[in-house]
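Okay, structure first, notes after.
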Amino acid sequence: MRLLSPIRGTRTGTRINGTALIVTGLLATLAALAFPIWSYADRSATGLDTLDAQSVPTRFGPLSATDRLFITKVRLAGLWEMPAGQQAEERAPTKAIETAGEHLVEGHTFLDARVREVAARLRLELPNQPNPQQQGWLRTLTAAKGLDYEREFANILRRAHGQVFALVAQVRASTRNTLVRGLADDANTTVLDHMKVLEATGLVDFDALARGAATASPPPGTRSPAPPGPTASPGSATPVTPSPTFSLPPAASSPAAWR
């Protein structure tokens with residue numbers, strides 16, 4: 001029997017070990033390349049899964065969590081912007097500020113009636129008080145005087161409308177619910193009108209708006225109404241009530257003609 005020399009056997013073992021290392025390395029590389037593809041596919045399905053999980057069926061079409069958040073924000077906008085508008089009408093430091101205040105009151109009186117109608121038909125609860133941030137804005141406006149008031153009014157309201165405008169566009173583009181789609185149409189018209197009339201004051205700082213948008217952190221969370229269920233409908237939201245300082249007109253069935 002022929003025996004291998006120790007040197008030859010060592011070389012053969014080295015070649016085998018080297019081949020195993022190469023194969024192992026190739027397998028690890030393929031796994032690393034495949035993982036991002038698998039991970040991306042998993043993430044791409046997550047958004048759809050979330051949409052389906054957070055949507056509920058209604059006779060007007062599926063109602064998503066974003067739809068419900070939008071309805072809440074329309075209601076909240078009226079709860080603080082109508083008092084702010086009436087304050088501007090009463091102070092009336094300039095005609096431009098007075099006109100902007102009139103548009104705020106008229107537009108949000110109309111939208112408040114619309115959002116309460118939509119919420120009632122979808123059996124959603126609505127807030128009856130502005131959120132803490134909005135209450136802070138009202139306090140800032142109330143405390144400001146003279147030109148400071150005019151600038152605070154124009155810029156606080158314009159910034160807030162810009163944030164809502166982005167949500168309106170998102171909802172209008174993607175909602176599957178006919179009631180929400182109609183409300184988004186009305187909100188789009190109203191919010192755009194308010195943005196324009198606030199800009200017409202000549203006091204809006206567009207550089208500050210752009211910088212703020214570029215560095216903005218996520219806005220404070222707002223609880224969206226619970227989805228409709230088999231329980232009895234919640235109590236209907238009351239019309240916006242007058243604040244201790246500023247009275248409000250009754251809800252309108254249609255917006256007044258824009259001036």
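Everything in the sequence shown is counted per UniProt numbering, starting at 1 for the first residue and increasing by one.
Ideal Cβ positions, reconstructed from N, Cα and C, are used throughout, including at glycine.
Bear in mind the structure is a predicted one, so any value in this text is a computation, not a measurement.
Query, Result
"Between the CA atoms of residue 78 and residue 91 - distance to the nearest angstrom", "20 Å"
"Sub-9 Å separation of residue 166 and residue 137 beta-carbons", "no"
"Residues near residue 200 in its chain [Cβ-Cβ closer than 7 Å; skip 5 each side]", "96"
"Cβ-Cβ separation, residue 140 to residue 152 (assumed contact under 8 Å), whole Å", "6 Å"
"The alpha helix (DSSP H) enclosing residue 89, as first and last residue numbers", "65–91"
"8 Å CB neighbourhood of residue 121 in its chain, flanking five on each side removed", "60 and 179"
"Rounded straight-line distance, which links the Cα of residue 196 to that of residue 206", "13 Å"
"Option nearest residue 131 by Cα separation, candidates 100, 148 and 72", "72"
"Reduced DSSP category for residue 38 - H, G, I as helix; E, B as strand; rest coil", "For residue 38, the predicted model reports a pLDDT of 40, less than 50, meaning its position is unreliable; a value from the coordinates is still stated below. Of the three classes helix, strand and coil, the one that applies to residue 38 here is helix, per DSSP."
"Cβ-Cβ distance between residue 99 and residue 174 below 9 Å", "no"
"Whole-number beta carbon distance between residue 188 and residue 211, since they are thought to touch under 8 Å", "Their Cβ separation, rounded to whole angstroms, is 25 Å, which puts residue 211 and residue 188 out of contact at 8 Å."
"Min CB distance residue 65 to chain D below 9 Å", "The chain labelled as chain D is not found in the depicted structure, where only one protein chain is given."
"Straight-line gap, residue 125 to residue 113 (C-alpha atoms, nearest Å)", "14 Å"
"Rounded separation between residue 158 and residue 164 - CA only", "10 Å"
"Where the alpha helix (DSSP H) through residue 125 begins and ends", "It is not in any alpha helix (DSSP H) - residue 125 carries neither H nor E in the DSSP assignment."
"Best match in 182, 50, 109 and 94 for proximity to residue 146 [C-alpha to C-alpha]", "94"
"Helix, strand or coil at residue 56 [DSSP, three-state]", "strand"
"Where residue 185 falls: helix, strand or coil (DSSP)", "helix"
"Whole-angstrom distance between residue 117 and residue 185, CA atom to CA atom", "15 Å"
"N- and C-terminal bounds of the alpha helix (DSSP H) containing residue 160", "146–174"
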